[in-house]
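One structure is given here, and the rest of the page talks about it.
Residue numbers (my numbering): 13 to 166.
Here it is in structure tokens:
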């Protein structure tokens, strides 16, 4: 695991919410130690409930590489991916997901991730390794977003 990749995901998330495009979520797709794609949440900007950072980064990586399976890829995300994002991660065949904050952390700032997990169960186990990492560096991002008077919880 590489702290620099998580920090890039954090910066990507901050860039997105400061532009008013979505919540405190950023993601980076890495292959062979280099960033292939990065994205932030664009739910609000795109008027698209599927425009989560993880999905956006996977879409960019797929377009850039000209393929939909990314079995050698790792995804660094500022938060534990929601069930929709985990499904996309499974479909893309990523080998590892490294996340910062938990679904419980997201719930504390108003997001429904934990509710979805509790209803649907964890979507883990097929072929993706899911690893918590640098939560202490991702939490300030969530705190900064939660203090914004212009934040919109979706």
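Even glycine gets a Cβ: it sits at the ideal position worked out from N, Cα and C.
All values derive from a computational prediction rather than experimental measurement.
Close-in-space but distant-in-sequence residues of the same chain around residue 70 (CB under 6 Å, 5 per side omitted): 100 and 104
Residue(s) in a DSSP beta bridge with residue 108: 86 and 141
Helix, strand or coil at residue 63 [DSSP, three-state]: coil
Beta-carbon gap between residue 61 and residue 55 smaller than 8 Å: yes
For residue 122, the three-state DSSP class (helix, strand or coil): coil
Own chain, CB closer than 6 Å to residue 17, minus 5 neighbours either side, in chain order: 40, 42 and 88
Residue 141 burial status per 10 Å Cβ neighbour count (16 or more: buried): Per the 10 Å Cβ criterion, exposed.
Distance between residue 23 and residue 150 (C-alpha atoms, nearest Å): 10 Å
Distance, residue 162 Cα to residue 34 Cα: 11 Å
Other residues of its chain near residue 164: CB distance less than 7 Å, five sequence neighbours each side excluded: Closer than 7 Å at Cβ, skipping near neighbours: 56.
Spatial neighbours of residue 126 in its chain, beta-carbon cut-off 8 Å, leaving aside the 5 residues before and after: Within the same chain, 115, 116, 118 and 119 come within 8 Å of residue 126 by CB-CB distance, once the 5 residues on both sides are set aside.
Residue 28 vs residue 53 beta-carbon contact at 8 Å: yes
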